[in-house]
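Asks:
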């Protein structure tokens, strides 16, 4: 930190005032007041040497360093603490030199202007230009921000301004291209967005000019069909939806230069059922008739940011009565209060820890400040137009001026908000990731502290915790006068012989259709009939839970069914005190459990048998991102390391896997993981488990039989695991491949085995380790039938034999299966590469296309004859279902891989996309197949996760139907069934057209 720097109220070094907004300002290098600590000076010097030795900019940078004594230390601090900014500096030292010598405000202004006016001959050109401008802006803002040269407002405003500029340039490019193709007739050819009727609304932080460093942008794209100057036979709905898709691609696709902004269109009305670009009349009708209170809250920050700005402002004027109600409307207040109450339930639980804390969503975080402001805006903004602003800090002032909040609350929240936004930026500028999680390790935390200008981590932690606690305090005060949940519910008395009339009224009002039966169930718990309710203490804990438990069950779509499921759950529990205490202390866990009871009977069964799976939900990581392969490895290795013997390792692996599978399911039904990602997550988990179990098995077999000197072994995943499309009910299709030196005839243990016998024993043990039930259940059902010669062949397969079989003897269906083959465990990288190479050679060999098509359709016909169905919910086997789509993808890969091996992909979705991009699959066919595939996968994930048996819609719990409708984006379940049938018919038509009729030729 610069000597003599003072601290502002946020606990951050205060930048000395400059000569006014329009006065003389020095260059960035002149105005550095904060020099971050350099934790590893020697390493930083190596990178700094590369900068200073640069042939073009090096000498000038050395001269500048001599002129500005703190510049060298500043650059070292950046290099040490921010890999992303370091890489941007090293990528273009002349650019670094220029921005250090320029007034940052002037450079930012120029970059925004140049970005807005960027032109290019083609799409690749505009994408490259905008990405290079973004790199420049990111480095300029990052250095100026860390150095204390510019404040938070300037940073967030510049980022939002750049998003506006990039969107404007992209829209100009798209509209100009439409003009060139005689589909659009602009009023102004240079600025075709003028009077175009195309409206781009910036939402959230973008709309409020408060974008963070690695933020994505939330947009709503609209068009006015009466105003849009279409040309020829072009139709506005078709062209503007295509243009919006192209706009998103220009903004967010990753290229060699990175990306501009990740772009999200899901805040538009009913995103699952509406096109990417919506007409203004349709949007108005939606908001007037179906708009929800959360959408009112979102639209507070809406701002026309690109396209036809006057048209956007007119649209916001039109919907102002929807956002800002003239009177305090009680439904809205009730909505706000219910959200506040849910979060109020978390209040006071646990201690705020710095490591791993989410500065946005965690306790005392940015979201609480924003929610504090927005809830009061919604309630009071209808009467007071001064409370309708978009920006958080300005609205804190307005709320204070209007006497809605006290001066102290405003000041403390203002300082906390500024500090936390700065911390958020430092987190993001480390690796250019959209995250708000503080690092869990001290090294990462020290980097954040250094980038914030603190001399030590404890100093930073002290200031951060002070801000978090203050935010939490003011946030809690929002609902100090709220009645507790229990007093709101009314009477809940479950004692005595007769039912308490007021209790029955309460249950009926809460949504229990059979209140007497519900009361009987709850009363029965107190008779100690179940093992978990036999102790007095357990019954006391359960009684204390009544209000929150009844409230949570009532919040599901079928309170009676959820209560019966919970009763069944209790009947199977071996003990209760620990679980009831856990649920009472963690209301959010109780709410999740109630949702599970109502919507996922299969998962509820898992909980009743393995209560320990709930422990994992209490890990804060549950509410963060889905674990990566590396995090799964670390977690499984940690638990396996505690095993004292082989059988205990297998039990620990089962506990870990069940917990993680349950968490993936919970993430799906609690809407923190989309159904599209479930297959990927389950496969990611399974491949880590197989890899680690194989290692355990090799050690175990080695204890008696030793090892094969110089031998290699690998596990090849096929089917759903290979394609990363697993469901909760998927078995594992595996092949174990091995190779041993010719001169090695047997293993080297005290009980040596011949090579083939050794690897067969290894495979048998692997199957047992994965599938055999232990006290903790089993891991996976395992299937090795896809190995050469199926059940007739040896269990372990020599790689040479495997290659020879695939080249000479394999059937077409075996090569189809091979398109999904993926090495998930290998004893060496060389062996892995050898297997991948052999598979690639097999798949890219020339083929007789007529014979291939005949084989594929005959195979489909045989499966249909054996397993055919008319049930639209048999998503796999029904005509036009998953099997049809998978066969199309596999057929096209085998037919065309000789021409382009780049089309090979294990996952069906990725394969279809590659086939489309390579021109082997027509665009319309690809869109239909991808739409169907994604829908089938989403629905299949839910069905396999929540139900054990066959899905019969008339017998399924309402919560299951709701999950299916939600995943499909259809308006109703009846409509979903109709759409499924139509989609399956279209898919079968594509199959017949591309491959042939589904019939076996005699």
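In our numbering, the protein residues as written are 501 to 1502.
Just so you know, even glycine gets a beta-carbon here, dropped at the ideal spot from N, CA and C.
1. Is there contact here, the segment 1246 to 1256 with the segment 1352 to 1366, by at least three beta-carbon pairs under 8 Å?
2. Determine the DSSP secondary structure at residue 1179, reduced to helix, strand or coil.
3. Run through DSSP, which three-state label would residue 1320 get?
4. May I have the straight-line CA-CA distance separating residue 744 from residue 796, to the nearest angstrom?
5. Could you spell out where the beta strand (DSSP E) holding residue 803 opens and where it closes?
6. Using DSSP's beta-bridge definition, name the partner residues of residue 1274.
7. Taking the continuous alpha helix (DSSP H) assigned at residue 1058, which residues delimit it?
8. Please report how far the alpha carbon of residue 697 lies from the alpha carbon of residue 904, in whole angstroms.
9. So is residue 1142 buried or exposed if we call it buried at 16+ other beta carbons inside 10 Å?
10. Would you call residue 1079 buried or exposed, if buried means 16 or more other Cβ atoms sit within 10 Å of its Cβ?
11. Count the other C-beta atoms from every protein chain shown that fall within 10 angstroms of the C-beta of residue 1448, then say buried if there are 16 or more, exposed otherwise.
12. For residue 670, I'd like the list of residues in its chain whose CB is within less than 6 Å of its CB, leaving aside the five on either flank, ordered along the chain.
13. Going by DSSP, what residues sit across from residue 1213 in a beta bridge?
14. Starting from the C-beta of residue 1188, find all residues in its chain whose C-beta is less than 8 Å away, skip the five residues before and the five after it, and write them out in chain order.
15. Let me know the alpha helix (DSSP H) ranges lying completely inside the segment 877 to 904, each 4 residues or longer, listed in chain order.
16. Do residue 860 and residue 708 count as a contact pair if the criterion is CB distance below 8 Å?
17. Which same chain residues end up closer than 7 Å to residue 815 when comparing Cβ atoms and leaving out the 5 residues on each side of it in sequence?
18. Express the C-alpha separation of residue 643 and residue 929 in angstroms, rounding to a whole number.
19. Would you kindly report the start and end of the unbroken alpha helix (DSSP H) that includes residue 927?
20. Just mark residue 923 as buried or exposed, buried being the case when its beta carbon has 16 or more other beta carbons within 10 Å.
21. Please work out which residues of its chain come closer than 8 Å, Cβ to Cβ, to residue 711, disregarding the five sequence neighbours upstream and downstream, and give them in chain order.
22. Do the segment 524 to 539 and the segment 631 to 649 touch if we need at least three Cβ pairs shorter than 8 Å?
23. Taking contact to mean at least 3 C-beta pairs separated by less than 8 Å, is the segment 1260 to 1277 in contact with the segment 1143 to 1152?
24. For residue 720, does the three-state DSSP call read helix, strand or coil?
25. I'd like to know if the segment 754 to 766 and the segment 624 to 633 are in contact, where contact means that at least 3 CB-CB pairs between them fall below 8 Å.
26. What number of angstroms, rounded off, separates the C-alpha of residue 691 from the C-alpha of residue 672?
27. My guess is that residue 900 and residue 910 are in contact by the Cβ rule of under 8 Å, so how many angstroms apart are they, rounded?
28. On the criterion of 16 or more Cβ atoms from any shown chain inside 10 Å, does residue 682 qualify as buried, or is it exposed?
29. What is the rounded straight-line gap between the Cα of residue 694 and the Cα of residue 933?
30. Need the endpoints of the beta strand (DSSP E) that residue 1297 sits in, please.
31. Hey, is the segment 1263 to 1273 in contact with the segment 1476 to 1490, meaning 3+ C-beta pairs nearer than 8 Å?
32. May I have the straight-line CA-CA distance separating residue 1345 from residue 1297, to the nearest angstrom?
33. Check this for me: beta carbons of residue 579 and residue 552, under 8 Å apart or not?
34. For residue 1244, which three-state DSSP category applies?
35. So, is residue 1393 buried or exposed, given that buried needs 16 or more other C-beta atoms within 10 angstroms?
36. Taking 6 Å as the limit between beta carbons, can you name the residues of its chain near residue 1299, skipping five residues before and five after?
Replies: This is what the structure gives:
1. No, because fewer than three Cβ pairs between the segment 1246 to 1256 and the segment 1352 to 1366 fall closer than 8 Å, the two stretches do not touch.
2. Note: residue 1179 maps to helix in three-state DSSP.
3. The answer is coil: DSSP assigns residue 1320 none of H, G, I, E or B.
4. Spanning the alpha carbons of residue 744 and residue 796 requires a straight line of approximately 24 Å.
5. It spans 803 to 807 - the beta strand (DSSP E) in which residue 803 sits, taken as one unbroken run.
6. Paired residues: 1277.
7. That residue, residue 1058, is in no alpha helix (DSSP H); it is neither H nor E in DSSP.
8. Residue 697 and residue 904 have their alpha carbons spaced roughly 39 Å apart.
9. So residue 1142 ends up on the exposed side.
10. With a 10 Å radius around the Cβ and a threshold of 16 neighbouring Cβ atoms, residue 1079 comes out buried.
11. Residue 1448 comes out exposed.
12. For residue 670, where only same-chain residues beyond five positions count, the Cβ hits under 6 Å are 747, 750.
13. In the DSSP output, where bridge partners are listed per residue, residue 1213 has 1238.
14. Take residue 1188, set aside five residues on each side of it, and the residues of its chain with a beta-carbon closer than 8 Å to its own are 1129, 1132, 1133, 1136, in chain order.
15. Counting whole runs of 4 or more residues, the segment 877 to 904 contains the alpha helix (DSSP H) stretches 892 to 901.
16. The criterion of a C-beta distance shorter than 8 Å is not satisfied by residue 708 and residue 860.
17. Excluding sequence neighbours, residue 815 sits near 699, 722, 780.
18. Whole-angstrom Cα-Cα distance: 10 Å.
19. From DSSP, the alpha helix (DSSP H) with residue 927 extends over 907 to 931.
20. Buried: at least 16 other Cβ atoms inside 10 Å.
21. The answer, listed in chain order, is 656, 659, 660, 663, 705, 717.
22. A contact exists between the segment 524 to 539 and the segment 631 to 649.
23. Between the segment 1260 to 1277 and the segment 1143 to 1152, the count of Cβ pairs shorter than 8 Å is three or higher; the stretches touch.
24. Note: residue 720 maps to strand in three-state DSSP.
25. Contact holds: three or more Cβ-Cβ distances are below 8 Å.
26. C-alpha separation (whole angstroms): 7 Å.
27. Cβ-Cβ separation between residue 900 and residue 910: approximately 4 Å, consistent with a contact (criterion under 8 Å).
28. The Cβ neighbour count for residue 682, taken over all protein chains shown within 10 Å, is under 16; the residue is labelled exposed.
29. Between residue 694 and residue 933, the alpha-carbon positions lie close to 35 Å from each other.
30. From DSSP, the beta strand (DSSP E) with residue 1297 extends over 1296 to 1298.
31. No, because fewer than three Cβ pairs between the segment 1263 to 1273 and the segment 1476 to 1490 fall closer than 8 Å, the two stretches do not touch.
32. The alpha-carbon separation between residue 1345 and residue 1297 amounts to approximately 22 Å.
33. Contact flag unset, no.
34. In this structure, residue 1244 counts as coil in the three-state DSSP scheme.
35. By the Cβ-count criterion, residue 1393 is buried, with 16 or more other Cβ atoms from all chains shown falling within 10 Å of its own Cβ.
36. The answer, listed in chain order, is 1237, 1239.
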